[in-house]
Every structure is written in C-alpha cells, then in structure tokens.
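Q:
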Amino acid sequence: MCGIIGYYGKDGKAIDVILNGLKRMEYRGYDSAGVAFSDENILVVKNVGRIKDLESKLNGIERIFDIGIGHTRWATHGKVSEENAHPHTNMDETIAVVHNGIIENHAELRKQLKEKGYNFKTETDTEVIPHLIDFHYKKNNDGDFKKAFTDALKELIGAYAIVAIHKDENRIYCAKFGSSPLRLGVSKSKDEIIVASDRLALIGICEEEQILENGEIVVISKDYEKGYNIEDFEGFEIEDILRKVPKDIEAITKGEYEDFMLKEIREQPNTIRTAVGGRIEHLETLAIDNFPDLPREISRLILLACGTSWHAGKVAEYLFDEKTGIVCQAEIASEFRYKRPVLFPNDFVIAISQSGETADTLAALKLAKEKGCYIGGIVNSVGSSIAQTAAKGVYLHAGPEIGVASTKAFTSQVAVLTILKAFLTNDDNYIKKLKDGFSELPSKIEEVFKIEEQIKDIAERISGFERFLFLGRGINYPVALEGALKFKEITYRLAEGYPAGEMKHGPIALIDRETPSIFILSGKNEYYEKTMSNIQEVKSRDGRVIIVTDDKEALRKNGCLTKTDFIIEVPRIIEELSPIINVIPLQLLAYYSAKFLGWDVDKPRNLAKSVTVE
Ligand code: M6R
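Take 22 as the starting number for the sequence shown in the working numbering and just add one per residue.
What follows is the structure in structure tokens.
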C-alpha cells in the first residue's frame with residue numbers, strides 16, 4: 022500500500038535514484054505517482070498512472086537535484102487523481118511530504134486547520150501533514166523545522182511512514198509509527214542515503230540498512246558525521262544498528278522473463294529446496310532456533326493470514342488430522358481480529374505472510390500476543406513488521422516476490438507448514454515419508470513446466486469465457502480456492518473456488534457451456550471416485566471440464582474422459598505434497614489466460630502487493 026522514498030545524495034542523481042526506487046516498489050501501489058525535489062524552491066511533479074508515465078513527464082525537466090522524495094500510490098482516501106497523488110504540500114509550497122499509512126484523525130485535524138485558515142486541495146488524509154508542519158513552523162517564527170516536524174507528528178493518530186522536505190533545509194526528515202514500514206539505507210561513502218518502504222529501493226546504492234522502529238525520527242543531513250541522526254519523539258538519540266543489504270540484483274530484475282510472475286512461478290523448484298533446506302533432516306533445530314520454549318502440550322494451532330497465505334493455512338488444516346491430536350484452524354485475519362475469539366495461553370498462534378506487512382494479519386497476531394498465546398510467524402520478508410512482532414518463527418527465504426499475484430510464497434508456505442506438522446507430531450513414519458517426498462518434489466515441479474505449452478493452449482481456448490468454477494476436495498480444496506483467486510485477480514474473470522462435494526448444494530446451477538469447471542483430482546483417497554461423479558454431473562449438464570490429475574488412466578477407466586475435455590496430467594507425489602504440485606498448473610493457467618487477455622499480470626488493477634491498511 023504505497024511506496025515512499027527519500028534520497029539525499031550527490032552529482033544530481035536524485036531524479037534517477039528516486040524513479041528507479043519507485044519502479045522497484047511499484048508493486049506496492051500503482052494508480053498514481055509523484056516526486057518532489059528541493060533546491061531554491063520545491064518542485065512537485067505528479068501523474069496518474071505508472072512510474073514510466075511519470076518518467077516521461079520528468080524527461081522535460083533540465084534541472085538536476087541532490088535531494089528529493091517520491092511516492093507510488095494505492096488510493097485509500099480520495100479517488101485516483103493527479104491532485105490526490107503525493108507529494109502533498111503546504112499552501113506556500115515550501116514543504117512537501119510523502120506518506121504511507123493512514124492518519125485516523127485526519128477529519129478532525131482538517132477541521133481545525135481549516136478554522137486556522139488553511140485551504141485544502143485534495144481529499145487525502147495525508148494533506149493535513151504538510152499543513153500541520155507549516156502551522157508549527159510558523160508558530161516557531163520559521164525557526165526550527167525539526168521541532169515543527171516533531172510537534173506535528175505528536176498530533177497524528179494512526180499509522181505512518183513519512184518523508185518530508187523543506188525548501189530552505191538541505192535535509193530530509195522521516196518518521197515511522199505503526200504498521201507502515203520504513204528503512205534507512207546508507208552507502209559506504211555515506212554520501213548517499215535513502216529512506217524507503219522496501220529494501221528493493223536500496224539495492225545497488227546502499228550497502229547497509231536499518232529497519233526503523235515505531236516512534237523513530239531520522240534527520241538526514243551532511244551536518245551529521247554519519248550523514249543522519251536517529252532520535253525519538255522526545256529528542257533522545259537512538260543508537261543505530263546497521264545491517265548488510267544483500268546485493269542480489271538478479272532477484273529483483275526480470276532477467277530473461279517477460280513478467281515477474283512467470284519468473285517467480287519458474288523459481289519454485291529452487292524456492293522449495295530453500296524452504297525445506299535441512300529442516301526436515303534436523304527437526305530439533307526448529308525447537309531451538311525457530312520456536313524456543315514452545316509449550317510441550319500444544320492442542321491447538323491457529324494460523325492467521327489473508328488471501329493466498331490463508332489458503333496455505335487451509336492446507337495445514339487438512340494436514341493436522343485426528344491422528345495428530347492437534348486442532349488446526351486457519352483463520353482469515355480480518356475476521357478473526359473482530360470476532361472476539363476464544364484464546365488460551367497454550368494456543369500456538371502463527372501468522373503466515375509473504376510481505377510480513379499485512380495490517381490485518383499483524384493486528385490479529387498482536388491480539389493473540391496480548392492474550393498470552395505463544396506466537397510465531399511464517400514470513401518471507403526478512404525484518405518485516407510481522408517478523409518483528411512474532412520475534413520467533415520460520416523465514417521462507419523465497420527471495421523477493423514482486424508479482425502482485427503470490428505464487429512461490431504459497432508453495433514455500435505449504436512446504437514449511439508440512440514440516441511444522443512433522444515437528445509438532447514427531448511421527449517417524451510421516452517424517453520418513455516427507456523426506457522422500459521432498460527429495461523428489463523439485464524435479465516433479467520441473468516436470469509440470471514440460472507441459473507448459475499445453476497449459477498455454479488451454480488458456481487460449483478458455484480465456485474468452487466470463488466465469489469459472491474451481492473444484493477440489495480434501496487437501497486440494499484449498500488449491501481450488503487458490504486457483505480461483507489467482508485466476509480472478511489477474512484475468513478479472515469471475516472465478517469461484519468450491520469443495521467439489523458442495524457443488525450440488527448451489528454452484529451446479531451455474532453450469533452451462535460457457536462456464537468451465539476446473540477440477541483438481543489427485544491421490545487415491547475415499548473421495549476420489551466421488552469427485553469423478555462430480556465431473557460426470559458437470560458433463561451431463563453440458564459443462565466443459567478441465568481436469569488437473571495425476572491419474573489419467575483412472576479417469577479413462579471410469580468413463581470420465583471425452584475428447585472435448587482438457588486434461589492436465591501432473592506427476593504423482595504423496596498426498597501431503599500434492600497441493601504444491603497441483604497449484605502450479607493453475608498458476609500457469611491464470612498467467613497465460615491473463616496474457617491472452619492482454620492484462621498486466623504483475624500489476625493487476627486495484628491491487629497492491631502489501632496490504633498495510635485494513
Ligand atoms: O503478504 P501477505 O502474504 O500477508 O499477503 C496476503 C494477501 O494480501 C495476498 O496473498 C493476496 O491475496 C495476493 N494478491 C494473492 O495473490
């Protein structure tokens with residue numbers, strides 16, 4: 022939800038560094054963007070649309086700058102318009118501010134400021150910030166911008182990462198509070214400093230970084246020996262603890278791929294290897310390194326997540342069956358936090374999140390923490406808010422996931438949850454089975470890529486339809502949910518995920534020639550034959566079917582195959598790992614269908630990669 026950046030540097034590089042940083046953070050929001058630079062005056066340039074459009078607008082500007090700020094927006098308050106795009110300024114246009122988060126008391130502040138004579142140009146919550154700073158600055162006789170900045174912050178209620186500049190100050194002012202992330206990046210020579218919502222904006226310039234904590238203010242200026250100073254709202258200096266920034270440029274570029282989504286889908290053999298690592302061989306390290314002091318008697322595991330991460334949690338619900346003696350509940354975080362949940366101190370509560378910044382997941386985790394539960398995280402983004410709040414857990418180390426549609430994070434989450442079951446149940450047979458399964462999993466994923474052309478062909482044939490059903494049972498029911506989510510978010514077609522057995526209780530009414538049903542059918546289990554009956558039910562109503570299966574022969578024998586069906590045959594694997602295999606053709610089906618429709622798969626409309634607002 023919005024990406025912000027501030028650059029303090031040299032050689033007139035501000036425009037390039039800021040645009041580059043915004044491009045890398047564009048996944049956070051991409052309905053409009055803007056920049057502001059400071060020299061004698063503040064120059065603000067904004068645009069509705071993508072960073073590349075903003076770049077074209079900036080091409081005509083001949084001036085060079087060493088200091089500037091930038092923003093890429095995902096609209097919350099106020100429609101998508103140039104006016105509402107950040108940076109926002111005070112009335113004299115001497116102060117410019119970019120903000121990520123929500124100012125909860127903006128209506129009240131707006132009213133007070135209006136009474137003092139301030140005119141507002143936008144519908145945003147953010148616009149109160151430059152006016153408020155202006156008010157405090159003028160109250161101090163234009164003397165102390167830092168004091169004005171801090172005084173303004175003290176009046177704000179909500180979540181914010183803010184970066185501000187003033188035309189007369191050769192400085193950048195930043196602050197962080199609540200769930201909006203902000204990182205400080207420092208170059209080796211210390212003459213280039215960046216603050217940004219994501220590490221991606223630092224890579225290639227800054228070798229060291231610090232994740233800013235709640236209530237920290239950073240002033241960037243050559244007046245400080247280090248180039249910056251960190252303090253709290255009361256002015257007490259805070260010691261910095263800089264960490265190395267990984268140099269992995271490859272991880273944040275598309276390389277040979279047309280889109281990040283395809284790159285990330287194809288990375289899955291490797292990301293699975295990393296997620297599993299030596300973990301399955303050394304389960305005892307999970308107790309020492311990842312979940313220290315975990316209560317011995319765990320009877321309930323609660324998984325908190327949103328979207329795709331929730332679907333990974335739903336897979337775990339099926340893993341923890343009656344034999345494990347552990348009840349596993351996957352809860353949608355935005356519901357859980359408001360349903361006054363019954364929580365016990367011996368509940369083991371884990372937040373699952375790719376970004377580690379999802380506001381609802383974070384809030385639900387904090388609730389469990391307050392109730393005294395043992396909490397942890399399964400997170401991809403290192404040092405993110407959820408990782409920090411959980412303070413314990415497992416990192417996926419899947420590398421940056423930039424495509425808005427989550428792919429590799431899902432399969433890594435499922436892999437880690439499968440290992441978590443092995444850890445919590447300590448069942449030797451299961452552990453042995455998993456070891457064997459995991460050892461062949463990456464090569465079986467590679468096998469799915471061999472039928473990519475066939476999936477592409479199916480995508481071409483079906484992408485013209487308007488609505489789709491995704492159906493699966495048992496551990497593959499969450500895969501149906503995930504297949505439908507992937508499909509709808511990037512093709513903008515209506516796609517519903519349903520348990521196949523539930524079809525006759527309603528969704529079957531949708532079946533016709535124009536509504537393809539995608540079935541996921543794998544593993545020999547007690548509902549295998551029943552799912553085949555569901556396939557027949559669709560066919561007898563003239564419905565088209567696409568079947569993802571590991572046993573084409575069984576379908577044939579059952580008279581379940583006709584010439585017009587589309588079969589996607591995937592390699593067989595143990596049932597526990599089948600969601601990881603089965604989801605891959607669905608990711609590809611969504612990807613190619615969206616490509617045939619001409620959509621931007623990496624940045625689907627109305628979405629943002631990390632949802633840091635409720
Ligand atoms: O970063 P998180 O895993 O916490 O994000 C949760 C959801 O917002 C996310 O999975 C979303 O549903 C994706 N767009 C799905 O592709």
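All C-beta atoms, glycine included, are put in the ideal place defined by N, C-alpha and C.
As the structure is a prediction and not an experimental result, all values here were calculated from the model.
Roughly how many whole angstroms lie between the Cα atoms of L263 and G42?
A: 20 Å
Q: If distances are taken between C-alpha atoms only, which option among D212, K175, F341 comes closest to E255?
A: K175
Q: Flag E510 as yes when its Cβ comes closer than 7 Å to any non-hydrogen atom of the ligand M6R, and as no otherwise.
A: yes
Q: Taking all protein chains shown into account, do 16 or more other C-beta atoms lie within 10 angstroms of the C-beta of I301, making it buried, or fewer, making it exposed?
A: buried
Q: Do the CB positions of G414 and V400 come within less than 8 Å of each other?
A: yes
Q: Using 8 Å as the Cβ pair cut-off and three pairs as the minimum, do the segment 412 to 429 and the segment 269 to 287 touch?
A: Result yes; three or more Cβ-Cβ pairs closer than 8 Å.
Q: Which residue's Cα is closest to the Cα of D572: M553, R562, S561, Q557?
A: It is M553 whose Cα lies nearest to the Cα of D572.
Q: Tell me whether T382, by its Cβ, gets closer than 7 Å to a heavy atom of the ligand M6R.
A: yes
Q: Since I believe A180 is in contact with G199 (beta carbons under 8 Å), could you give me their beta-carbon distance rounded to a whole number of angstroms?
A: 3 Å
Q: With a cut-off of 8 Å, do at least 3 Cβ pairs link the segment 134 to 146 to the segment 93 to 109?
A: yes
Q: Start and end of the beta strand (DSSP E) containing D533?
A: No beta strand (DSSP E) contains D533, which DSSP labels as neither H nor E.
Q: Taking the C-alpha atoms as reference points, what is the distance between K188 and H157?
A: 16 Å
Q: Give the list of continuous alpha helix (DSSP H) stretches no shorter than 4 residues that lie fully inside the segment 583 to 618.
A: Taking only runs of at least 4 residues, the alpha helix (DSSP H) segments lying wholly in the segment 583 to 618 are 599 to 618.
Q: Leaving out five residues before and five after E76 in sequence, what residues of the same chain have Cβ atoms less than 6 Å from its Cβ?
A: L40
Q: Any idea if E148 is buried or exposed, counting beta-carbon neighbours within 10 angstroms, 16 or more meaning buried?
A: By the neighbour-count rule (16 or more Cβ atoms within 10 Å), E148 is buried.
Q: Look at the Cβ atom of T633, then the Cβ atom of S201, and state whether they are nearer than 8 Å.
A: yes
Q: How is Y549 classed by DSSP in three states: helix, strand or coil?
A: helix
Q: Spatial neighbours of N497 within its chain, please: C-beta separation below 7 Å, excluding the five flanking residues on both sides.
A: I541, S543, S599, P600, N603
Q: Under DSSP, the alpha helix (DSSP H) around E129 begins and ends at which residues?
A: 127 to 136
Q: Should the segment 118 to 138 be regarded as contacting the segment 76 to 87, the criterion being three or more beta carbon pairs within less than 8 Å?
A: no
Q: Please state the DSSP three-state secondary structure of L576.
A: Three-state result, L576: helix.
Q: Who does P202 pair with in a DSSP beta bridge?
A: None, per the DSSP bridge assignment.
Q: Where C327 and G397 are concerned, what is the direct C-alpha to C-alpha distance, given to the nearest angstrom?
A: 16 Å
Q: Suppose you measure from the CA of Y29 to the CA of F170; what does that come to, to the nearest Å?
A: 18 Å
Q: Identify which residue in D32, H107, E61 has its Cα closest to the Cα of I26.
A: When only C-alpha atoms are compared, the closest one is H107.
Q: Count the other C-beta atoms from every protein chain shown that fall within 10 angstroms of the C-beta of K197, then say buried if there are 16 or more, exposed otherwise.
A: buried
Q: Can you give the beta carbon distance from R358 to L322, rounded, assuming they're within the 8 Å contact cut?
A: Incorrect: roughly 18 Å between the Cβ atoms, too far for contact.
Q: Flag this pair as yes or no: are the beta carbons of E229 and V266 separated by less than 8 Å?
A: yes
Q: Comparing alpha-carbon positions, which option in E590, L223, I90 lies nearest G36?
A: Looking at the sequence itself, residue 36 is Ile, so the reference to Gly does not match. Taking only the C-alpha atoms, the option nearest I36 is I90.
Q: On a CA-only basis, which of L304, A128, C195 is nearest I178? Give me that one, please.
A: A128
Q: For T585, is the beta carbon positioned less than 7 Å from some heavy atom of the ligand M6R?
A: For the ligand M6R, not one heavy atom lies less than 7 Å from the Cβ of T585.
Q: What residue range is occupied by the uninterrupted alpha helix (DSSP H) comprising T93?
A: Taken as a continuous stretch (DSSP letters only), T93 belongs to no alpha helix (DSSP H), being part of the beta strand (DSSP E) at 88 to 94.
Q: Quick one: what's got a C-beta closer than 8 Å to P520's C-beta in the same chain, skipping five residues either side?
A: L492, G493, R494, Y498, A501
Q: Skipping 5 residues on each side, what residues in its chain have a beta carbon closer than 6 Å to that of I238?
A: A196, E252
Q: List the endpoints of the continuous alpha helix (DSSP H) containing E213.
A: Per DSSP, E213 lies in no alpha helix (DSSP H) segment and is marked neither H nor E.
Q: Take K31 and list the residues in its own chain whose beta-carbon comes closer than 8 Å to its own, dropping the five residues that flank it on each side.
A: D87, D212, E213
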